[in-house]
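K.L.:
Going down the list, the protein sequences come from chains A and B. FYI, the UniProt record's numbering numbers position 197 of the first sequence as 197, with every residue one higher than the one before it. FYI, the UniProt record's numbering numbers position 153 of the second sequence as 153, with every residue one higher than the one before it. Just so it is clear, CB atoms sit at the ideal spot from N, CA and C, and this is done for glycine as well. Bear in mind that the values here come from a model prediction, so they are computed numbers and not experimental data.
2 protein chains.
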Amino acid sequence: MPRQLHLNAFLMNTGHHEASWRLPESDPYAHVDLDHHVRLARTAERGTFDSLFLADGPQLWSSVAQRPAGALEPLTLLTALATATEHIGLIATASTSYNSPYNLARKFASLDIVSKGRAGWNIVTTAGAGAARNFGLDAEPAHAERYACAAEFLDVARLLWDSWEDDTVVADKAAGVWGDDARIHPPRHRGTYFRVEGALNVPRTPQGYPLLVQAGSSEDGKRFAARYAEAVFTAQQTLADARSFYADLKARTARAGRDPDHIKVLPGIVPVIGSTEAEARRLERVLEEHIVHEHGVGRLEELLRLAPGTLDLDGPLPDGLPSEDEIEGAKSRYTLIVELARRERLTVRQLVARLGGGRGHLTFTGTPEQVADTIGRWFAEGAADGFNIMPPVLPSGLETFVDEVVPILRARGLFRTEYGPRRTLRERYGLPRPANQHVTARTPGAAPAAALVRHP
Amino acid sequence: MPRQLHLNAFLMNTGHHEASWRLPESDPYAHVDLDHHVRLARTAERGTFDSLFLADGPQLWSSVAQRPAGALEPLTLLTALATATEHIGLIATASTSYNSPYNLARKFASLDIVSKGRAGWNIVTTAGAGAARNFGLDAEPAHAERYACAAEFLDVARLLWDSWEDDTVVADKAAGVWGDDARIHPPRHRGTYFRVEGALNVPRTPQGYPLLVQAGSSEDGKRFAARYAEAVFTAQQTLADARSFYADLKARTARAGRDPDHIKVLPGIVPVIGSTEAEARRLERVLEEHIVHEHGVGRLEELLRLAPGTLDLDGPLPDGLPSEDEIEGAKSRYTLIVELARRERLTVRQLVARLGGGRGHLTFTGTPEQVADTIGRWFAEGAADGFNIMPPVLPSGLETFVDEVVPILRARGLFRTEYGPRRTLRERYGLPRPANQHVTARTPGAAPAAALVRHP
Ligand SMILES: Cc1cc2nc3c(=O)[nH]c(=O)nc-3n(C[C@H](O)[C@H](O)[C@H](O)COP(=O)(O)O)c2cc1C
Ligand SMILES: Cc1cc2nc3c(=O)[nH]c(=O)nc-3n(C[C@H](O)[C@H](O)[C@H](O)COP(=O)(O)O)c2cc1C
C-alpha cells in the first residue's frame, strides 16, 4: 500500500473566505449553532477525514461589523461533537499563555475519555495585546518568552497526564481498596512560570494524552515543534517553501532525538472548487466581489504596523517594513505575507483578496482533479504528510471536497476508503501511544500499557 | 395550583454513600464512564427534575485507595449530557479562586448556547491547600479573601456576559455589515483581583447568563448568596435549622434589594429507600458495614485539625475543638458536623457512619411515603423551595426515587407531571431572564429582550 495521506478538516464558521457569510447560502448565525457544526463533523466523517480542527483566541476581534464574530468555546464544541460522531479526531486550539496547566490538562483528559481517545490539542502561544488585556496584562509577553512558557506548560501538562499510571486502579471491592497510591505521581513542579504540586484528578486516558499539534513556524516555533509536536499545521505559499519547511522540521525532530516519522506536517489549502475551471473561477470571483476592501486594508495596516490610511489600494506594499525580528506577534505569518506580496508583485487590493481567501494559506482554484493533483504533488514531493483542508464556504465547500475530491484521492490509492475498526486519533495518524514517563523510568523499554480507562 | 417543589439531582459517581462503590451492583469505573452519566441524566429527566448537578474541586483527594477517585471535568461532562437530554437543567461547580473570569465566562456561555438555555453555575471558592498548591500558591487564601475575590469575579463575569446586547447582530449581507459595534460593551475592568479589558467572544446567550447557584452557608457565604445567587444548595440537619437558614437568607436577599422569591433554597437529602421500613434499614446497614472506619476517622481528624490517632472510635468528640472563626476552609460544614455530634451524642464511629452517608447532609431512611412526607413537611414549613436529591447508591437510588417518590409528590400536587414546552433552566425555577445591565442603564424599566441567539 502506498504511503497514506492524512486529512484534517479545519472548520470555520461559514467558511475560511472572509466574505463567505454574505453568500445567499450562508447562515450568519452558523458559528454559534451546534447543528451547523454537527453537520460539518458528520460530513468530514463521511469523507473518512483523520480529524477536524477548531481555531481559537481568547478575545473578541476588534469589530463585529465586518463578519460573524464570537464563537462557541472550542473544547465545549468538540465535546458536543464527540457525542455526534464516532471515528473522527477532534482537535481544539488552546493557549499556553492564558490557561493554567491543571485546568487545561483536565479538560483535554476529559475530552479524551468522553471521545474514546479522539482528542487533540493545537498548542498556541496567542499573539496580540487584545488577549493579554483579558488576562490582567497590559501587553502581550515577548515572543521568546511565550514559547519558553509554552515549553514549561507542556512539561507540566505531561507530568499531570502521567500522574496516574495506566494500572492504578485495582477495584478490590472485598478488601475495600480502589486504587494503588504507589502508582500516583504528583508533579511537584516548581518552575519559572508554573507551580503545580498535585496529581491530576482524571485517570490516564485512552491516548495517554491528546495528540499534540503545533502551528507556529518561526524559529522558536519550529524548535518547540521538534521537541513536542506530533503534528504541525503550517501555512506555505509555494511547493519549494513547503519542501524546505518539511525537510527542516523532520531534521530538527531527528536531532531532538525523536523519530521524524512521528511528526506529521500538514500545510493548509483553501480549495475553491468548480466542476469546470470556469465555474471555479466564477465562485472565486463572487467571493472576491463580496470583500469589503477597507476592512482588509485596515487589518493589513495593523499587521504591518502602519498608520491607518497609509496603504494605497492600487499600489504595491511600501518599502521599509519591519523585519520579522521586530514582530512580537505571529512572526512567520508576517514574513509569509510580506514575501507573498513581493514575489507575486501584488497590489494592496490583490493582497487583500488573497488574504481574504486564506489568511496566508495556499488558495487553489480549480476542478476536483486539479485539487487532487496539487495535493498529490505536494504529498509526493516531500512537502506534506497530509493537508489541512480549509473550505472557503461551509458547509458547501466541505461537501464538495468530500463528494468530489476524496473519491479521486481514494481511487489513486492515497487515502483510506473506510475507517475500519475504532481507533484513537493517534493511531489514525500512525503515531504510537506515549508511554508513561514514570513507568519508563522504572522499567526502560517497557511497552506502553493499554489505557486503564475502559473504552468499550 | 399549590406552590411547586423544585428537584435537583446531585449526581456523584456510584452514589453519595462513600461505600457505595463496594456494592455488587456498582461499577467502580462509573465516574469516568459517559454512559453511566447519560443513564443518570435520562433517569432524572424521566422524573421531570428541574436540574442535575455535578460537584467539583481542582485536585485529587489524598488517597486513591479509599474509593473511586478522579472524575470527568464537570463542564465537559455537562456538555456531553446536554446532547443526550432535552429539558433538564445542567449545573456545574466551578471555582472563583482557580479560574480566570474570561475563560470561565466563555465556557458557561458556550454551554448555555449548546444546551439551549439550560446552564447553571454552582459558584464555589474552593477550600483547602491541596487545590491552592495546584495553582501556584502555598496555602489556601483566607476565607474572607476568597469570598471578596468571588464577588469581584461575579461582577466581571456579568460584565462579560452583558458585553453583547441581545440585538447586536444585524446580519445585513447586502451592506456587508454583520453586527453593530455600538452594542458591544467591553468590561474595561481593573479591580483588586482581576483586570479584564475586552468584550466576551460569545454572543449573549439564551439565558443571558447561567443560573447562579451558591453553596456556602457561612456568614460570608450567606452575604454573597443574598447578593448574587438565584439558588442556594445547603446542608441542614434539622427542620429547625433549615427554617432559620431559609428565613435568614430570604430576609438578607430582600435587604439586598432583591425579590426574595428570586432565590431558591434547596437543602440536600440522602434518601435511603426501601419498600418497607425494614428493607430501608437493611440497605442502610449494608452500606454502613462497607465503610472502612479508619479512612473516615482520618478524614474527621483532618477536618477537626487533630493529630492522626487522636480520636477514639467508641468515644465522643473531644472538648476544646476550634471555633468556626479559626477555620479557613469550609466554615459552615465544620460547625454543622461538630453540632451534629454533640446534639445527637454520637460516638466517633456513629459520626463517621453519618458522614459516610451524606458528608453532613440530612440522611433519611424509610419508605417512599416517608421520604415524600419529609420533603413535603420541610417544603410546607418554610424550610425549603425544593431539594437537592443525593441518592446514596447510583444508578439504583435515583431510579427508585423517580419511580417511587416522584409519583407520590405528583399525586399530592407538589411536583410537575411533565415538562411541557421547552424552557430554560431559569424559567424552570420560576426566575426571570436577567436584563442586560447596559440596556437597563440606557432605558430603565425596559423589559429584558429575548435571546439574540436563535434557539430553534
Ligand atoms: C493552520 C493554522 C492554524 C492556527 N490556528 C491558530 C489559532 O487557532 N490560534 C492562534 O492563536 N494561532 C493560531 N495559529 C497561529 C500560530 O499558532 C502562530 O501564532 C503563527 O503561525 C505564528 O507563529 P510564529 O510566531 O511561531 O511564527 C495557526 C496557524 C496555523 C498555520
Ligand atoms: C450541596 C452542596 C454542594 C457543594 N459542592 C461543592 C463543590 O462541588 N465544590 C466545593 O468546593 N464546595 C462545594 N460545596 C461547599 C461549599 O461551596 C462551601 O465550601 C461549604 O459549604 C462551606 O462554605 P462556607 O465556608 O461558606 O461555610 C458544596 C456545598 C453544598 C451544600
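Which residues in chain A sit within 9 Å of S184 (chain B), going by Cβ to Cβ distance?
P.N.:
Just to set this straight, residue 184 (chain B) is Ile in the shown sequence, not Ser. Residues of chain A passing the Cβ test: L60, S63, V64, A69.
K.L.:
Would a check of beta-carbon distances place I91 (chain B) closer than 7 Å to chain A?
P.N.:
It does not; no Cβ of chain A falls within 7 Å.
K.L.:
Using a threshold of 7 Å, state whether the C-beta atoms of D261 (chain B) and H6 (chain B) are closer than that.
P.N.:
No, the Cβ-Cβ distance between D261 (chain B) and H6 (chain B) is not below 7 Å.
K.L.:
Going by CA-CA distance only, name the one from A:A175, A:R422, A:Y102, A:V406 that's closest to R158 (chain A).
P.N.:
Comparing Cα-Cα distances from R158 (chain A) to each of A:A175, A:R422, A:Y102, A:V406, the minimum goes to A:Y102.
K.L.:
Can you tell me which of the three DSSP states L54 (chain A) falls into?
P.N.:
Residue state, collapsed to three classes: strand.
K.L.:
Residues in its own chain within less than 7 Å of V265 (chain A) by CB, not counting five upstream and five downstream?
P.N.:
These residues qualify, in order along the chain: V232, T234, Y246, L249, A384, D385.
K.L.:
Can you round the beta-carbon distance between P210 (chain A) and A199 (chain A) to whole angstroms, since I take them to be within the 8 Å contact cut?
P.N.:
About 18 Å; that fails the 8 Å criterion.
K.L.:
Between the region 125 to 138 of chain B and chain A, which residues of the former have CB atoms less than 7 Å from a CB of the latter, in chain order?
P.N.:
Of all residues in the region 125 to 138 of chain B, G130, R133, N134, F135, G136 have a Cβ within less than 7 Å of some Cβ in chain A.
K.L.:
Going straight from the alpha carbon of S275 (chain A) to that of P368 (chain A), what length do you get?
P.N.:
Those two C-alpha atoms are separated by around 7 Å.
K.L.:
Any beta-carbon of chain A closer than 7 Å to the one on W161 (chain B)?
P.N.:
It does not: the Cβ of W161 (chain B) has no partner Cβ on chain A nearer than 7 Å.
K.L.:
Do you know how far the Cα of A182 (chain B) is from the Cα of R22 (chain A)?
P.N.:
Distance between the alpha carbons of R22 (chain A) and A182 (chain B): 21 Å.
K.L.:
Name the one or two DSSP bridge partners that H6 (chain A) has.
P.N.:
Beta-bridge pairing links H6 (chain A) to A:G386.
K.L.:
Closest to residue 460 (chain B) by C-alpha separation, out of B:P391, B:R106, B:L431, would be which residue?
P.N.:
With chain B running from 1 to 456 in the structure shown, residue 460 (chain B) is simply not present.
K.L.:
Tell me the DSSP secondary structure of N13 (chain A) in three-state form.
P.N.:
Looking at N13 (chain A) - three-state DSSP - the assignment turns out to be coil, as it is neither helix nor strand.
K.L.:
Can you check whether the CB of Q59 (chain A) is closer than 7 Å to the CB of N134 (chain A)?
P.N.:
It is a contact, given that the beta carbons lie within the stated cut-off.
K.L.:
If you check the beta carbons only, do V114 (chain A) and A80 (chain A) fall under 7 Å apart?
P.N.:
No, these two residues do not count as a Cβ contact at 7 Å.
K.L.:
With 7 Å as the threshold, decide whether the Cβ of H455 (chain A) is near any Cβ in chain B.
P.N.:
In this prediction, H455 (chain A) has a pLDDT of 35, which is less than 50 and means its spatial position is unreliable; what the coordinates show is noted afterwards. H455 (chain A) does not count as touching chain B.
K.L.:
Can you give me the C-alpha to C-alpha distance between L452 (chain B) and T205 (chain B), rounded to a whole angstrom?
P.N.:
Annotation note: pLDDT 44 at L452 (chain B) (below 50); position unreliable, no value reported.
K.L.:
Might you give, ordered along the chain, the residues of its own chain that have their beta carbon closer than 7 Å to the beta carbon of R454 (chain A), omitting 5 neighbours on each side?
P.N.:
Because the pLDDT of R454 (chain A) is 45, which lies under 50, any placement of that residue in the model is unreliable, and the question is left without a value.
K.L.:
Going by DSSP, what residue range makes up the beta strand (DSSP E) through Q214 (chain B)?
P.N.:
Segment 211 to 214, the beta strand (DSSP E) holding Q214 (chain B).
K.L.:
Please look up how many angstroms separate the CB atoms of A84 (chain A) and A44 (chain A), rounded, as I've assumed it's under 8 Å.
P.N.:
A84 (chain A) to A44 (chain A), Cβ: 11 Å. No contact.
K.L.:
Return the chain-ordered ranges of every beta strand (DSSP E) run that is complete within the region 108 to 173 of chain A and spans a minimum of 3 residues.
P.N.:
Complete beta strand (DSSP E) runs here, min 3: 119 to 124, 169 to 172.
K.L.:
Distance, Cα to Cα, H189 (chain A) vs T443 (chain B)?
P.N.:
Taking the straight line joining both Cα atoms gives about 52 Å.
K.L.:
Strictly under 7 Å for the Cβ-Cβ distance: is D181 (chain A) near chain B by that measure?
P.N.:
Interface residue, yes.
K.L.:
Can you pull the chain B neighbours of Y102 (chain A), defined as C-beta to C-beta under 7 Å?
P.N.:
What Y102 (chain A) touches in chain B: P58, N134, F135.
K.L.:
So which residues of chain A does G198 (chain B) contact, with C-beta pairs closer than 7 Å?
P.N.:
Ordered by position in chain A, the residues that pass the 7 Å Cβ test against G198 (chain B) are Q59, L60, G130, R133, N134.
K.L.:
Any heavy atom of ligand 1 inside 6 Å of the beta-carbon of F233 (chain A)?
P.N.:
Correct: F233 (chain A) has its Cβ closer than 6 Å to ligand 1.
K.L.:
So within the region 218 to 263 of chain A, which uninterrupted beta strand (DSSP E) runs reach at least 3 residues, ignoring any that extend past its ends?
P.N.:
Correct list: 231 to 234.
K.L.:
What does F153 (chain A) touch in chain B if you count any residue whose Cβ is under 9 Å from its own?
P.N.:
Per Cβ cutoff of 9 Å: no residues; F153 (chain A) is ~13 Å from chain B at best.
K.L.:
Does the Cβ-Cβ distance between L54 (chain B) and A105 (chain B) come in under 7 Å?
P.N.:
The answer is no: Cβ separation not under 7 Å.
K.L.:
Should E25 (chain B) go down as buried or exposed, given a rule of 16 or more other Cβ atoms within 10 Å for buried?
P.N.:
With fewer than 16 other Cβ atoms within 10 Å, it is exposed.
K.L.:
Please confirm whether L428 (chain A) and G208 (chain A) have their CB atoms less than 7 Å apart.
P.N.:
One detail in the question is off: residue 428 (chain A) reads as Arg in this sequence, not Leu. No; because the gap between Cβ atoms is not below 7 Å, this pair is not in contact.
K.L.:
Decide if G315 (chain A) is buried, meaning its Cβ has at least 16 other Cβ atoms within 10 Å, or exposed.
P.N.:
G315 (chain A) should be labelled exposed.
K.L.:
For a contact defined as C-beta to C-beta under 9 Å, what are the partners of K173 (chain A) on chain B?
P.N.:
Correct list: W21, R22, L23, P24, S26, P28, H290.
K.L.:
Say whether chain B places a C-beta atom closer than 7 Å to the C-beta of T76 (chain A).
P.N.:
It does; some Cβ of chain B falls within 7 Å.
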